[in-house]
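Colleague: First the structure, which I've put down as structure tokens, then a few questions once you've had a look.
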Amino acid sequence: MNLYKENAKLSLDQLIEKRCGTGRYQILALSILVFIDLNDGCELILMSFIMPILKTEWQLTSLQIQILTSIFYMGMVLGSLLTGFIADRKGRLKCIYMSCIIQFFMANSFLLCTNFYHMIFARLGYGFVYGFSIPLTTTMISEITAPDVRGRFLIIINFFVSVGKIYAFLLAFLCLENFNKGNWRLMMMLSSTTSLIVGILAFIFLMESPRYLMASGQVVEGLNIIEDIIHKNKNNTGLISKIFKSVQPEISSDPFKGSKYGYISAKERIAIEKWVTKVFRSEQRGTLRELFNKNNKSTTIRLWIIWFCINFMYFGQLLILPFILGSKQKTFVDYLTTVLGEIPSIILSLLIVEIPFLGRKNTMTISFFCATIMHIWSYYASWPYFFARFFMKECWAMLYPYSTEIFHTSNRTLGFGSSAAVGRIGAAISPYILIPLFEQEAHLPFLAFAISSIISVVSTCTLPYDTVGKSLDFQNSDGEVESNKDDEIKEIMMVLIEKKNQN
Numbered sequence: 001m002n003l004y005k006e007n008a009k010l011s012l013d014q015l016i017e018k019r020c021g022t023g024r025y026q027i028l029a030l031s032i033l034v035f036i037d038l039n040d041g042c043e044l045i046l047m048s049f050i051m052p053i054l055k056t057e058w059q060l061t062s063l064q065i066q067i068l069t070s071i072f073y074m075g076m077v078l079g080s081l082l083t084g085f086i087a088d089r090k091g092r093l094k095c096i097y098m099s100c101i102i103q104f105f106m107a108n109s110f111l112l113c114t115n116f117y118h119m120i121f122a123r124l125g126y127g128f129v130y131g132f133s134i135p136l137t138t139t140m141i142s143e144i145t146a147p148d149v150r151g152r153f154l155i156i157i158n159f160f161v162s163v164g165k166i167y168a169f170l171l172a173f174l175c176l177e178n179f180n181k182g183n184w185r186l187m188m189m190l191s192s193t194t195s196l197i198v199g200i201l202a203f204i205f206l207m208e209s210p211r212y213l214m215a216s217g218q219v220v221e222g223l224n225i226i227e228d229i230i231h232k233n234k235n236n237t238g239l240i241s242k243i244f245k246s247v248q249p250e251i252s253s254d255p256f257k258g259s260k261y262g263y264i265s266a267k268e269r270i271a272i273e274k275w276v277t278k279v280f281r282s283e284q285r286g287t288l289r290e291l292f293n294k295n296n297k298s299t300t301i302r303l304w305i306i307w308f309c310i311n312f313m314y315f316g317q318l319l320i321l322p323f324i325l326g327s328k329q330k331t332f333v334d335y336l337t338t339v340l341g342e343i344p345s346i347i348l349s350l351l352i353v354e355i356p357f358l359g360r361k362n363t364m365t366i367s368f369f370c371a372t373i374m375h376i377w378s379y380y381a382s383w384p385y386f387f388a389r390f391f392m393k394e395c396w397a398m399l400y401p402y403s404t405e406i407f408h409t410s411n412r413t414l415g416f417g418s419s420a421a422v423g424r425i426g427a428a429i430s431p432y433i434l435i436p437l438f439e440q441e442a443h444l445p446f447l448a449f450a451i452s453s454i455i456s457v458v459s460t461c462t463l464p465y466d467t468v469g470k471s472l473d474f475q476n477s478d479g480e481v482e483s484n485k486d487d488e489i490k491e492i493m494m495v496l497i498e499k500k501n502q503n
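Taking UniProt numbering, the leading residue of the sequence shown gets 1, the next gets one more, and so forth.
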């Protein structure tokens with residue numbers, strides 16, 4: 001038996017798929033973390049709803065509305081950047097606790113706002129913590145799930161952003177009279193409870209990402225968390241066992257030293273340590289420099305362009321539609337109809353995300369092209385709003401898993417977070433472009449969205465490769481872990497030392 005070849009085959013993705021499967025722990029983690037995205041989707045709508053009300057209630061000028069809108073997105077830029085630097089160094093779970101608790105207090109800070117300047121501070125702070133939380137759920141879920149379900153789990157997370165928007169409409173129905181009047185302070189207070197509940201549940205039930213621990217050199221700790229996941233999944237029954245691939249754990253006859261339950265063998269530990277040596281050879285974690293090395297530079301630039309454009313379109317619509325519908329004496333039901341266009345796109349995404357010839361990249365390209373057509377059509381008629389939202393949400397649904405999977409674990413949160421931060425710059429400048437266009441002609445902003453869609457089509461077409469069905473770390477165009485001669489020498493030396501110790 002060739003020990004080197006046998007052990008070199010085992011990666012963390014294979015260990016999770018082979019030993020953990022998909023079961024109760026991943027379902028529990030998903031059930032808790034989706035409410036972070038539900039809350040994020042809710043706050044996006046609420047932030048757009050209060051703008052027309054504040055303009056009427058506080059007699060704000062168009063410039064002041066533009067400042068309040070953009071300051072929220074600038075806070076998101078800062079938060080999205082900071083989360084990468086912190087989460088890639090200090091861990092995912094601590095950041096999740098922190099963001100949920102701070103978000104609870106920041107949502108309640110709106111109760112104290114009595115003028116324009118108070119609102120600037122509240123929206124900047126809330127935007128910051130909102131941006132900080134965005135990359136955490138996708139990063140955590142991607143690192144604890146097997147490759148065969150990862151894409152669908154990430155789309156489910158994105159789906160709950162849309163559910164959060166529907167939740168926001170329920171709060172608006174309770175607290176607001178129309179687009180221009182209502183108790184917006186009560187609405188913000190009621191929305192804060194979700195983040196507090198999620199923070200408490202995450203503290204009680206969730207564990208740190210084993211992939212993060214291994215990337216930071218804590219291999220034994222990471223393996224013990226994998227054993228915890230195996231232990232929690234061992235009695236999968238009912239619907240979970242029918243839908244997902246269940247694995248019946250076996251106690252190893254030769255568990256690794258320090259094993260908590262004895263599920264993982266000493267040989268598997270050696271294989272994983274070799275894999276960690278190969279994959280996490282870079283000592284730079286959470287640095288922008290790593291995003292612009294020879295392997296990541298072109299991908300990073302293209303993703304930043306795509307995120308910038310889709311944020312300009314997506315959040316631009318959220319900003320401008322209350323003004324358009326309000327000017328036409330429309331109701332919340334009319335706004336809800338446009339948002340409901342997102343729901344069918346999520347269902348479609350779940351069906352096609354793992355299909356190789358469609359996957360993430362090709363679906364984004366097709367969806368951006370269709371969004372271009374719908375935005376041009378929306379300039380002439382109102383009904384294509386629904387379909388424009390459909391295709392934009394389809395792009396979002398595929399962009400989430402692609403942006404999460406394409407980056408290395410050592411910089412995954414920073415890669416996703418920096419992309420989200422650049423995207424929020426697109427959202428931040430949107431009021432300075434869209435509101436003047438709206439004041440000139442109500443539907444003119446949709447032509448700006450169409451131009452942004454065309455740029456996105458070109459950027460998506462030129463992405464290097466799709467990530468569907470490929471290894472999570474250090475991918476090349478074939479989805480394989482990249483290697484070099486130094487890695488091979490290190491692994492051979494490890495095997496020789498191991499054989500010497502056995503003799």
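Virtual Cβ for every residue (Gly too), placed ideally from N, Cα, C.
Rounded to whole angstroms, what is the Cα-Cα separation between S477 and S298?
Modeller: Residue 477 sits at position 477 when you count from the first residue of the sequence shown. Residue 298 sits at position 298 when you count from the first residue of the sequence shown. Any reading at S477 must be qualified, since the residue scores a pLDDT of 47, below 50, and its modelled position is unreliable; no value is offered.
Colleague: Should V422 be labelled buried (16 or more other beta-carbon atoms within 10 Å of its own) or exposed?
Modeller: The sequence position of residue 422 within the sequence shown is 422, counting from 1. V422 is buried by the Cβ-count criterion.
Colleague: With DSSP as the reference, label L30 as helix, strand or coil.
Modeller: In the sequence shown, residue 30 corresponds to position 30, counting from 1. DSSP places L30 in helix when its eight states are reduced to three.
Colleague: Give a yes or no on whether the C-beta atoms belonging to I346 and I32 are separated by under 9 Å.
Modeller: Reading the sequence shown from its first residue, position 346 is the one you call residue 346. Reading the sequence shown from its first residue, position 32 is the one you call residue 32. No; because the gap between Cβ atoms is not below 9 Å, this pair is not in contact.
Colleague: Could I get the ranges of all uninterrupted alpha helix (DSSP H) runs contained in the segment 194-268, with 4 residues as the minimum, in chain order?
Modeller: The segment 194-268 contains these whole alpha helix (DSSP H) runs: 210-215, 219-233, 238-243.
Colleague: Would you identify the three-state DSSP class for E177, choosing helix, strand or coil?
Modeller: Looking up residue 177 in the sequence shown gives position 177. Three-state DSSP puts E177 in a strand.
Colleague: Could you tell me whether the Cβ atoms of L60 and F110 are closer together than 9 Å?
Modeller: Here residue 60 refers to the residue found at position 60 when the sequence shown is read from its first residue. Here residue 110 refers to the residue found at position 110 when the sequence shown is read from its first residue. The answer is no: Cβ separation not under 9 Å.
Colleague: Check this for me: beta carbons of L171 and S191, under 9 Å apart or not?
Modeller: Along the sequence shown, one-based indexing puts residue 171 at 171. Along the sequence shown, one-based indexing puts residue 191 at 191. In contact: L171 and S191 (Cβ atoms closer than 9 Å).
Colleague: Would you tell me roughly how many angstroms separate the C-alpha atoms of F132 and D254, rounded to the nearest one?
Modeller: Along the sequence shown, one-based indexing puts residue 132 at 132. Along the sequence shown, one-based indexing puts residue 254 at 254. The alpha-carbon atoms of F132 and D254 are separated by roughly 43 Å.
Colleague: Which stretch, first to last residue, makes up the alpha helix (DSSP H) that contains S382?
Modeller: Counting from 1 along the sequence shown, the entry for residue 382 is found at position 382. Per DSSP, S382 belongs to no alpha helix (DSSP H) and is neither H nor E.
Colleague: Would you mind working out which of E227, A420, A87 sits nearest T264, comparing C-alpha positions?
Modeller: Along the sequence shown, one-based indexing puts residue 264 at 264. A small fix is needed here, since residue 264 is Ile in this sequence, not Thr. Here the closest residue by C-alpha is E227.
Colleague: Taking K232 as the reference, give the member of G21, L463, P356 with the closest Cα.
Modeller: Your numbering for residue 232 matches position 232 in the sequence shown. The candidate whose alpha carbon is nearest that of K232 is G21.
Colleague: Where does G182 sit, in a helix, a strand or coil, going by DSSP?
Modeller: As a working mapping, residue 182 is identified with position 182 in the sequence shown. If DSSP states are grouped into helix, strand and coil, G182 belongs with the strands.
Colleague: Please return the same chain residues whose Cβ sits closer than 7 Å to the Cβ of residue 506, not counting the five positions on each side in sequence.
Modeller: In the structure as shown, the chain starts at 1 and stops at 503, and residue 506 therefore has no counterpart that could be examined.
Colleague: Quick check on T56: buried or exposed, where buried means 16 or more other Cβ atoms within 10 Å of its Cβ?
Modeller: For the purposes of this step, residue 56 is taken as the residue at position 56 of the sequence shown. Exposed: under 16 other Cβ atoms inside 10 Å.
Colleague: For the putative contact between F256 and R269, defined by C-beta atoms under 8 Å, what is the C-beta separation to the nearest angstrom?
Modeller: In the sequence shown, the residue the question calls residue 256 occupies position 256. In the sequence shown, the residue the question calls residue 269 occupies position 269. About 4 Å; that satisfies the 8 Å criterion.
Colleague: Looking at W383: is its Cβ nearer than 9 Å to the Cβ of Y314?
Modeller: If you number the sequence shown from 1, residue 383 lands on position 383. If you number the sequence shown from 1, residue 314 lands on position 314. Cβ distance not < 9 Å, so W383 and Y314 don't count as in contact.
Colleague: In whole angstroms, what is the alpha-carbon distance linking T137 and L54?
Modeller: Within the sequence shown, residue 137 is the residue found at index 137, counting from 1. Within the sequence shown, residue 54 is the residue found at index 54, counting from 1. Taking the straight line from one Cα to the other gives about 32 Å.
Colleague: Considering only the beta carbon of each residue, do I433 and G359 sit closer than 9 Å?
Modeller: One-based indexing of the sequence shown puts residue 433 at position 433. One-based indexing of the sequence shown puts residue 359 at position 359. No, they are not a contact pair.
Colleague: Would you say the segment 361-376 touches the segment 449-462, given that touching needs at least three Cβ pairs under 8 Å?
Modeller: Yes: at least three Cβ pairs fall under 8 Å.
Colleague: Can the beta-carbon of G127 be found less than 9 Å from the beta-carbon of Y73?
Modeller: Translated into positions along the sequence shown, residue 127 becomes position 127. Translated into positions along the sequence shown, residue 73 becomes position 73. Their beta carbons are under 9 Å apart, which means G127 touches Y73 by this criterion.
Colleague: Which term fits E177, buried or exposed, when burial requires 16 or more other beta carbons within 10 angstroms of its beta carbon?
Modeller: On the sequence shown, residue 177 is found 177 positions in, with the first residue counted as 1. By the 10 Å Cβ count, E177 comes out exposed.
Colleague: Could you tell me which of P436, R389, F369 sits nearest to F323, measuring between CA atoms?
Modeller: Working through the sequence shown from its first residue, we reach residue 323 at position 323. Among P436, R389, F369, the Cα nearest to that of F323 is on P436.
Colleague: Around the Cβ of Q440, are there at least 16 other Cβ atoms within 10 angstroms (buried) or fewer (exposed)?
Modeller: Reading the sequence shown from its first residue, position 440 is the one you call residue 440. It is exposed - the Cβ of Q440 has fewer than 16 other Cβ atoms within 10 Å.
Colleague: With a threshold of 8 Å on Cβ separation, who are the neighbours of F203 within its own chain once the five nearest residues in sequence on each side are excluded?
Modeller: By one-based count along the sequence shown, residue 203 stands at place 203. Once the five neighbours on either side are set aside, the close Cβ partners of F203 are Y97.
Colleague: Report yes or no: do the segment 291-306 and the segment 37-44 share at least 3 C-beta pairs separated by less than 8 Å?
Modeller: Flag = no, the segment 291-306 and the segment 37-44 do not touch.
Colleague: DSSP three-state label for L319, please.
Modeller: For the purposes of this step, residue 319 is taken as the residue at position 319 of the sequence shown. Correct three-state label for L319: helix.
Colleague: Taking all protein chains shown into account, do 16 or more other C-beta atoms lie within 10 angstroms of the C-beta of residue 528, making it buried, or fewer, making it exposed?
Modeller: Any property of residue 528 remains undetermined from this structure, which presents the chain solely from 1 to 503.
Colleague: According to DSSP, is N411 helix, strand or coil?
Modeller: Residue 411 sits at position 411 when you count from the first residue of the sequence shown. In this structure, N411 counts as helix in the three-state DSSP scheme.
Colleague: Taking the straight line between their C-alpha atoms, what separation do you get for L447 and Y379?
Modeller: Locating residue 447 in the sequence shown gives position 447, where the first residue counts as 1. Locating residue 379 in the sequence shown gives position 379, where the first residue counts as 1. In a straight line, the C-alpha of L447 is about 7 Å away from that of Y379.
Colleague: By how many angstroms is the C-alpha of F369 removed from the C-alpha of E488?
Modeller: What you label residue 488 is simply residue 488 of the sequence shown in a count that begins at 1. What you label residue 369 is simply residue 369 of the sequence shown in a count that begins at 1. A caution first: E488 carries a pLDDT of 49, below 50, which makes its placement in the model too unreliable to give a value.
Colleague: Alpha carbons only, please: which of L351, I343, I310 is nearest the one belonging to L399?
Modeller: In the sequence shown, residue 399 corresponds to position 399, counting from 1. Selected option, being the one with the closest Cα: I310.
Colleague: Using the three-state DSSP reduction, which class does F357 fall into: helix, strand or coil?
Modeller: Translated into the one-based positions of the sequence shown, residue 357 becomes position 357. The answer is coil: DSSP assigns F357 none of H, G, I, E or B.
Colleague: Round the Cβ separation of S456 and I306 to the nearest angstrom and send it over; I've been treating them as touching at under 8 Å.
Modeller: To locate residue 456, count along the sequence shown from 1; it is residue 456. To locate residue 306, count along the sequence shown from 1; it is residue 306. With a Cβ gap of about 5 Å, S456 and I306 count as contacting.
Colleague: Do L206 and A29 have their beta-carbon atoms positioned less than 9 Å apart in this structure?
Modeller: What you label residue 29 is simply residue 29 of the sequence shown in a count that begins at 1. What you label residue 206 is simply residue 206 of the sequence shown in a count that begins at 1. Contact: yes.
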